[in-house]
Amino acid sequence: MPGWFVRLSIHPLAGPDRSYAALPVEKAVAAARSAFGTDVRIGASFWTMTSFGHGIPLTIGCADEKHERRSPDGPLSASSGDCHDLLPNSIDVAVGARSVEVEAAVMSVLVQKDIIDFLVRVCSSEHVTTGGCADLTAWGPPIELAATYHADSFVARDLALSWVHVHEGYKVARAAGNSLDALRARVEAAPRGTRIAVAGTVARARKHAALEHVAERERIGLLVRDEPDPRARWRKSIELTEREDALRARGEVLPLGTRVALAGDAELTREQVLAALSTPPATLLEALEASAVPDDAWRALEPIALETIQAAKEGAPTENVIVNTGAHTRFIEHHAPFHVRRLPRGGVVLATHPYRTLWPLWADALFALGLMS
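The opening residue of the sequence shown carries number 5 in my numbering; numbering runs sequentially from there.
Next up, the structure:
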């Protein structure tokens, strides 16, 4: 925010951390640039405004290559201090024609606006190819996120990155910089007929993330169990993980994915991903746009929600209402719309509310193209 300051933290792999409590933006940028490239991770914390009119703390993390290999966040990340900063428990709503559904729609409109705005701003550098918005600490399969950013129109990248994450266990943060040709080669390397499980809901995506984290930790633990010294075990596990990542980076596919299908999961096949990668980007985008048409319940309520938001902006009396109830959540989970936003420089954002994932949008688009039965 204009006139505000940045708290800057510089964390080297070796040596003491450095912290600056309050720097003007220009000085914070200069300090970060001078430190970058010396095996560091940099965190910059500042305040920004949401569509609800609240100031929230936002932290931008940036890691150079060596430090990034030890972090699941990727080379660039952004996070708020608390999930309720972007998903508030209560909001101010203009007094008038109100119901649980209208309140949920108001919240959904404003949250999705913020998600798209923050994601585009974080990914605005010309060096950023793709990004995503998740409620987890790690960058999971893009088709299970709430939003993804693409600097170009090749949105099938989301399917390919999801495939290598689930099938190979190759973290999206590592694979995101791969070219589309490299990603296609990784998918092609899987045996014909290979399938992966896809979480269609946020709850199942969280469950998969937790199970995969435990399974990966146990797998690495078995490989280093003969090392008696705890510190030596930790170093060996880091070296092993880095060696596996180096093999993957060279295109040597290691099918180490640990996902086990849960009840209610969808399936995505190798052939479907390859077919999507071979579909012209314009055709795929049109199918996604056609699939993003909101349902009847949302179409009926959206005009009322927009009028309510506008009334509050114009000074109408407001009332603070609780919006984290089961009824509010269920409405958003079932009816929050999907957005396919084409950006001025040729980029694309796919987005929905964080209570949903992008998979239903993808499933409908692939079905419309005849790629799913």
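In this text, a Cβ means the ideal position worked out from N, Cα and C, and glycines have one as well. Quantities reported herein were computed from a predicted structural model and do not represent experimental measurements.
If I'm right that residue i touches residue j with Cβ under 8 Å, what's the distance once you round it to whole angstroms?
i: P16; j: V44; result: 5 Å
i: P146; j: D121; result: Between D121 and P146 the Cβ distance is about 19 Å, and since that is not below 8 Å, they are no contact.
i: H212; j: L165; result: The Cβ separation is near 15 Å, so there is no contact.
i: A155; j: I119; result: The Cβ separation is near 18 Å, so there is no contact.
i: I326; j: N182; result: The Cβ separation is near 44 Å, so there is no contact.
i: A180; j: T133; result: 7 Å
Can you tell me whether residue i is buried or exposed? The criterion is at least 16 other CB atoms within 10 Å of its CB, across all chains shown.
i: I200; result: buried
i: K175; result: buried
i: R208; result: buried
i: I46; result: buried
i: L149; result: buried
i: G350; result: exposed
i: D269; result: buried
i: F342; result: buried
i: L362; result: buried
i: V218; result: exposed
i: C87; result: exposed
i: V106; result: buried
i: P79; result: buried
i: K235; result: In the sequence as displayed, the identity of residue 235 is Arg instead of Lys. Exposed.
i: S128; result: exposed
i: T287; result: exposed
i: W238; result: exposed
i: G135; result: buried
i: A32; result: buried
i: L123; result: buried
i: L226; result: exposed
i: E216; result: buried
i: A194; result: buried
i: A291; result: buried
Near residue i, what residues of its chain come up, given a Cβ to Cβ distance below 6 Å and the 5 sequence neighbours on each side ignored?
i: A98; result: T312, A315, A316, A320 and T322
i: S112; result: I336, A340 and H357
i: G85; result: P61
i: L272; result: I200 and V202
i: R37; result: none
i: W366; result: I147
i: H178; result: Note that residue 178 is Arg in the sequence shown here, rather than His. Answer for R178: D249, listed in chain order.
i: D139; result: P358
i: A301; result: H339
i: T63; result: G47, S49 and S83
Given residue i, which residues of its chain have a CB within under 8 Å of its CB, disregarding the five upstream and five downstream residues?
i: L289; result: S157, V159, V344, R346 and V352
i: L310; result: V113
i: V2; result: This structure leaves residue 2 out entirely; the chain is present only between 5 and 377.
i: T198; result: H171, T273 and R274
i: L244; result: I224, L227 and V228
Going by Cα to Cα distance, which pick from the options is closest to residue i?
i: F9; options: P20, A39 and W51; result: W51
i: A34; options: G374, S49, V327 and L12; result: L12
i: V126; options: A301, S81, R190 and H169; result: S81
i: V191; options: V170, G100 and T54; result: V170
i: R22; options: S282, A108, A48 and E30; result: A48
i: G144; options: W238, A26 and R263; result: R263
i: P307; options: G59, Y24 and R102; result: R102
i: G65; options: H58, S83, R254 and P298; result: S83
i: A294; options: S377, R247 and L354; result: L354
i: D89; options: V110, V104 and S55; result: S55
i: R196; options: R274, D368, W302 and G57; result: R274
i: L188; options: G225, A369 and S282; result: Residue 188 is actually Arg in this sequence, not Leu. The candidate whose alpha carbon is nearest that of R188 is S282.
i: A142; options: G225, A194 and A214; result: A214
i: D368; options: P348, W167, R303 and V297; result: V297
i: L184; options: P285, R210 and E216; result: P285
i: D299; options: L370, P364, G59 and I14; result: P364
i: N324; options: V168, D96, P28 and A18; result: D96
i: G57; options: K117, R221, V29 and Y24; result: K117
i: Y153; options: C137, W167 and L370; result: C137
Which same chain residues end up closer than 7 Å to residue i when comparing Cβ atoms and leaving out the 5 residues on each side of it in sequence?
i: K240; result: V228 and E231
i: D68; result: F40, G41, D43 and V44
i: Y359; result: V206, T333, I336, E337 and A340
i: L375; result: Q276, A279 and A280
i: L91; result: V115 and P358
i: G100; result: T312 and A315
i: L305; result: E105, V106 and A109
i: P28; result: F9
i: A25; result: R11
With hydrogens ignored, establish whether the beta-carbon of residue i is closer than 7 Å to any heavy atom of the ligand SAH.
i: W366; result: Summarising the ligand content, the structure contains no ligands, and the ligand SAH is consequently not present.
| query | Which runs of the beta strand (DSSP E), 3 residues or longer, sit entirely within the segment 342-369? | reply | 343-346 and 352-355
| query | Residue ranges of each alpha helix (DSSP H) run of no fewer than 4 residues wholly in the segment 198-260, ordered along the chain? | reply | 206-227 and 234-253
| request: Please specify which runs of the alpha helix (DSSP H), each continuous and at least 4 residues long, are wholly inside the segment 8-82, giving them in chain order. | output: 29-39 and 69-72
| Within the segment 275-347, ranges of the alpha helix (DSSP H) (whole runs, at least 4 residues) | 285-295, 300-317 and 330-339
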